[in-house]
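Q: If you're matching positions, the sequence shown starts at 23 in the numbering used here and goes up one per residue. All residues carry an ideal CB built from backbone N, CA and C; glycine is no exception. One structure is given below, represented as structure tokens, and several questions about it will come after.
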Amino acid sequence: MHAIRVYQGAFETKCALLIGMLTFVRPGGLRKAEWTEFDLAQDEWRMRDAMLHPYIQLTEDEGGQSTLLLEAQMDRTGARADLRPAHVGLKLGATIH
């Protein structure tokens, strides 16, 4: 936990590490997650293709930290359907708007 808290890399990576740790979801489940699966007002995550975690109540973690992290991440993803930031997947030299 301490290593994640002091991580100095990208904000999005730190969020993903913390959300994964707080929800116990597999990395692939988080990587493939889309905003349509989340109801942040109800603190719920209903995973589409999950066999082990079809439903996660986000407030079960330490004080609802997952919801706060997801809300912060939502501002950075732009118009994308998934949770990755809008600049992910751009080719080298592409302009970020």
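With burial defined as no fewer than 16 other Cβ atoms inside 10 Å of the residue's Cβ, what is the status of Thr45: buried or exposed?
A: Classification of Thr45: buried, given that the 10 Å Cβ count is 16 or more.
Q: Do you know whose CA, among Ile26, Lys36, Gln30, lies nearest Ala94's CA?
A: Selected option, being the one with the closest Cα: Lys36.
Q: What residue from Glu59, Ala38, Glu56, Thr58 has the CA that sits closest to Pro49's CA?
A: When only C-alpha atoms are compared, the closest one is Ala38.
Q: Give me the residue from Arg106, Thr89, Gly31 with the minimum Cα distance to Ala63.
A: If we check each option's Cα against that of Ala63, Thr89 comes out closest.
Q: So for Gln79, helix, strand or coil by DSSP?
A: Strand.
Q: Would you list the one or two residues that DSSP bridges to Glu56?
A: Asp104, per the DSSP bridge assignment.
Q: Assuming contact is defined by CB atoms lying nearer than 8 angstroms, are Asp65 and Gln79 in contact in what I supplied?
A: A contact, by the Cβ cut-off of 8 angstroms.
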